[in-house]
Amino acid sequence: MRTFFVFIKCKLGRAYDVAANVVENVDPCPSIFSISGEYDLIAHFSVDNNLDIGRFVNETLHQVQDIVDTKTIIAFNTFSKDQGFDGDDG
């Protein structure tokens, strides 16, 4: 699986509607958060390794009404106790 996050900027006053639209209509989106700063939302996605992330963002996410800008961050590794990571052994 490949994990990536998309920062989403919405039309003024439309962040809650965009979040609801993404959660209901863009698969797979396990979570989306409202945030402060330059962007209004951050969405988390985990997809099959063979999916083209750029095409997914352009052809699926950019079609959601009232999204005006995005920034995609691709994650490489997961570090957590349940993934076998116990911290820095130094």
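First residue of the sequence shown: -8, per our numbering; consecutive thereafter. Don't be surprised by glycine CBs; every beta carbon is placed ideally from N, CA and C. Only a predicted model underlies this, so the values are computations on that prediction, with no experimental measurement involved.
Within 10 angstroms of the Cβ of residue i, are there 16 or more other Cβ atoms? Answer buried if so, exposed if not.
i   : result
I26 : exposed
I65 : exposed
V59 : exposed
K2  : exposed
D43 : exposed
D73 : exposed
Can you give the Cα-Cα distance for residue i and residue j, rounded to whole angstroms?
i   : j     : result
A10 : S22   : 9 angstroms
Y7  : V38   : 24 angstroms
R46 : Q54   : 12 angstroms
F67 : F(-4) : 11 angstroms
K0  : M(-8) : 26 angstroms
V14 : G4    : 18 angstroms
L32 : N49   : 17 angstroms
N16 : H35   : 14 angstroms
A69 : Q56   : The question names Ala, but residue 69 is Thr in the sequence shown. Taking the straight line joining both Cα atoms gives about 31 angstroms.
K62 : F(-2) : 5 angstroms
DSSP on residue i, reduced to helix/strand/coil?
i   : result
K72 : helix
K0  : strand
Original post:
At which residue ranges does the stretch 5 to 67 contain complete alpha helix (DSSP H) runs of 4 or more residues, listed in the order of the chain?
Top reply: When DSSP assignments are scanned along the stretch 5 to 67, the uninterrupted stretches of alpha helix (DSSP H) that are 4 or more residues long and fall wholly within it turn out to be 6 to 16 and 44 to 50.
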